[in-house]
Structure formats: structure tokens, C-alpha cells
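Asker: So the sequence shown is numbered by numbering that gives the first Met the number 0: it starts at 0 and just counts up by one.
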Amino acid sequence: MRVSGYQVDPLRLYDGPEFAEYCIAQSAYLPASRDRSACATCALGKLCDAGFQEQVSRVAAGLNPSLTECKTFDPASLEPERLLAGLDDAEAAFARAHIFVS
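#1: Enumerate in chain order the residues of its own chain whose CB-to-CB distance from residue 16 is below 6 angstroms, with the five nearest sequence positions on each side excluded.
#2: Report the partner residues of residue 19 according to the DSSP bridge assignment.
#3: Do the stretch 90 to 100 and the stretch 24 to 43 touch if we need at least three Cβ pairs shorter than 8 angstroms?
#4: Given this structure, state the Cα-to-Cα distance separating residue 35 from residue 64, to the nearest angstrom.
#5: What's the gap between the Cα of residue 80 and the Cα of residue 20?
#6: Quickly, what does DSSP pair residue 1 with across the bridge? List them, please.
#7: At a threshold of 7 angstroms, does residue 30 count as lining the ligand SAM (C-beta to nearest heavy atom)?
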């Protein structure tokens, strides 16, 4: 799979410009060029993959890869119930374990 001419399939080596991507599972910013094979089996893989593709598109266009820069969020939209809406059981369990840590 290619985005803006770059390989973005997590099972293949990414061949695009470097940028830092936030990994929820690792709770850290990691280089885009890292081994992303674990992303293919991660419970939030399909969601993160869409975000990664958007970031690659932004970097290729010469834009900041941030998906949240200059964004404002309605506080109610950040309530756990709303954040979990539309996720399957595995995705919701992953979010509870990695995001909603108290």
C-alpha cells in the first residue's frame, strides 16, 4: 500500500520522510521508519494506520504531520463513553488499558 508515493504497509519497510509518530501502545513518540510490524496486530492498528497514512500525506505535502495541532475539542467529546463509541470489544479493551489509565 502506498500513500503519496511512499510505502505505508506496516508489514513492509516505510520508505518515506522521517517524522515522530505517537504510539499509544508504547506511550511514546517513535520514528516513522521503525519496525511497524507490531502495528498490524495491534488492537488499534486499523485506526492508527489511517492516522499514519494521513501523517505521511501531510509530510509529503510539506505540512506538519500533527493530527491535533491547532485543534480544539469539546470537552464532552473526550468523555470515555464517547471515545469508545464505534470501537469493537478488543479496541475498547485496548483503549481502557492504554489510554484511560488513572
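Even for Gly, the Cβ is constructed at its ideal location relative to N, Cα and C.
Answerer: So, to answer that:
#1: As a position in the sequence shown, residue 16 is number 17, starting the count at 1. Counting only Cβ-Cβ distances below 6 angstroms, and skipping sequence neighbours, we find 58.
#2: Taking the sequence shown and counting its residues from 1, one reaches residue 19 at position 20. 30, per the DSSP bridge assignment.
#3: yes
#4: In the sequence shown, residue 35 corresponds to position 36, counting from 1. In the sequence shown, residue 64 corresponds to position 65, counting from 1. Looking at the two C-alpha atoms, the distance is approximately 17 angstroms.
#5: By one-based count along the sequence shown, residue 80 stands at place 81. By one-based count along the sequence shown, residue 20 stands at place 21. Roughly 25 angstroms separates the two Cα atoms.
#6: Within the sequence shown, the letter at position 2 stands for residue 1. Per DSSP, 6.
#7: Of ligands this structure carries none, so the ligand SAM is not represented either.
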